[in-house]
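Below: the structure, in structure tokens.
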Amino acid sequence: MRNGLLFALVWCCASLAAAELLVTDRYRDSVHRFSSLDGSLVQLDFIVGAGPGVALDSAMEALVVGDRIWLSDQNLDSVFRYTLDGRFVDRFLGPANQIDNIRGFHIADGVLYLTNFGTANGAPGPAIRKFDVATGADLGTITMPGGHSPWDVLAFGARLLASDDTNISTNPLLDTAVIWDIAQSPVGVFASGSAGTNGLSLPKQMIVLSDGRLLVANNGTPRALLELNAAGQIVATYPLGTLRPNGLYELENGRIFIAGEDTGVLGTNGLYTLDRASGALTPILLGNQVPGGLLPHYVNHYPPPPAVCPGDLNCDGAVDFDDIDLFVEALGYPDGAGWPYPDCPWLGGDCNADGQVTFDDIDPFVARIGTTCR
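Numbered according to our numbering, the sequence shown terminates at residue 530, and the numbering increases by one at each position without gaps.
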């Protein structure tokens with residue numbers, strides 16, 4: 157893995173600022189931002205590390221949880237947390253938590269459901285590991301009978317689904333897969349198949365469509381998106397040619413945004429949109445268009461943090477004496493970690509534009525008293 161070269165930031169118009177996506181990249185070891193309206197690029201390499209001097213090493217899934225971005229890293233066996241503006245906060249889980257070769261995850265009812273493949277660090281092998289979202293306490297392990305390589309977890313109605321390729325062979329037609337219902341006890345089967353039957357062979361990310369159906373990125377043979385109903389039946393297949401989909405998202409314009417692999421990181425790996433009605437697949441950004449290439453993986457919705465007005469710590473549109481106590485409070489939160497007011501950014505106290513809130517901001521803050529931002 158390698159860190160990406162610096163690339164020019166591409167910003168969408170201000171009217172789209174509240175509608176974005178987070179896309180992980182396993183080759184650039186970073187997280188990108190795209191528009192959830194039309195899939196256009198907002199910012200490449202938005203998140204690029206896991207603290208001072210620590211590079212990511214196969215970023216798998218980034219998900220907004222409250223006022224934080226949570227990020228799973230496959231090779232670092234860790235779940236990291238960031239502020240909504242992309243600054244590193246902490247490592248929530250690591251190898252000491254008995255996880256290895258992790259992929260996608262989901263949070264439901266205060267529980268983190270994390271896919272696990274490996275057995276290093278005391279990890280259980282193919283399984284779903286459970287942790288308390290508030291404390292990180294180990295809540296146990298869910299194993300699937302015959303489970304082989306879980307990739308994603310998703311709530312689907314009353315079900316909790318886990319995608320799993322149960323057999324990858326030298327003959328692609330013999331590749332098999334299961335989407336488990338891990339909310340059942342014992343674990344049940346929501347859907348199953350093979351490349352030679354219904355096409356379910358290597359399911360990765362899953363999403364719930366606006367019509368309530370399930371859409372699955374099938375990375376195996378055939379390369380396709382598979383649409384399933386509430387009974388687990390495949391009701392539509394959307395072929396993708398040679399593109400192997402990893403992640404997907406239903407855009408606000410109705411098209412499906414796809415993160416996929418094709419001819420390589422410097423080739424036609426990249427981001428595409430699919431018109432399900434016509435089958436048209438449109439490239440958005442390809443590896444051969446980006447210095448350093450692309451290997452995009454999972455996709456999730458991202459609400460950017462509120463716009464910052466320097467000095468306006470209570471977000472009423474004005475810098476005045478009502479902001480003084482909050483400014484003093486902000487000085488006690490280095491890097492904004494733990495800032496208790498997610499609707500009003502900690503960086504509002506950064507009045508000298510150095511990316512921090514420190515004693516160096518006191519004079520600039522005082523100078524801004526009496527100004528407005530609206």
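Glycine included, every Cβ here is placed at the ideal spot set by N, Cα and C.
| Query | Result |
| --- | --- |
| Contact set for T514: own chain, Cβ-Cβ below 8 Å, skip 5 residues either direction | L487 |
| Nearest to F477 (by Cα), restricted to the options H457, F521, I338 | F521 |
| Three-state secondary structure (DSSP) of Q199 | strand |
| Selected residue, minimal CA-CA separation from N444, among S191, L219, F244, N425 | N425 |
| Proximity of I298 and I255 at Cβ, strictly below 8 Å | no |
| Burial state of L370, where buried means 16 or more other Cβ atoms lie within 10 Å | buried |
| Best match in I284, G292, P395 for proximity to S305 [C-alpha to C-alpha] | I284 |
| Three-way DSSP call (helix, strand, coil) for V522 in this model | helix |
| Proximity of A264 and L316 at Cβ, strictly below 8 Å | yes |
| P490 - DSSP class collapsed to helix/strand/coil | helix |
| Neighbour-count burial assignment, A293, 16 or more Cβ in a 10 Å radius | exposed |
| Whole-angstrom C-beta distance between V235 and S319, which should lie under 8 Å | About 19 Å; that fails the 8 Å criterion. |
| Coarse secondary structure for L162, derived from DSSP in three states | Per-residue confidence for L162 stands at a pLDDT of 28, beneath the threshold of 50, marking its modelled position as unreliable; the derived number appears in the next sentence. Residue state, collapsed to three classes: coil. |
| Terminal residues of the beta strand (DSSP E) in which P461 lies | Counting along the chain, P461 falls outside any beta strand (DSSP E), and DSSP gives it neither H nor E. |
| Extent of the continuous beta strand (DSSP E) to which Q230 belongs | From DSSP, Q230 is part of no beta strand (DSSP E); its letter is neither H nor E. |
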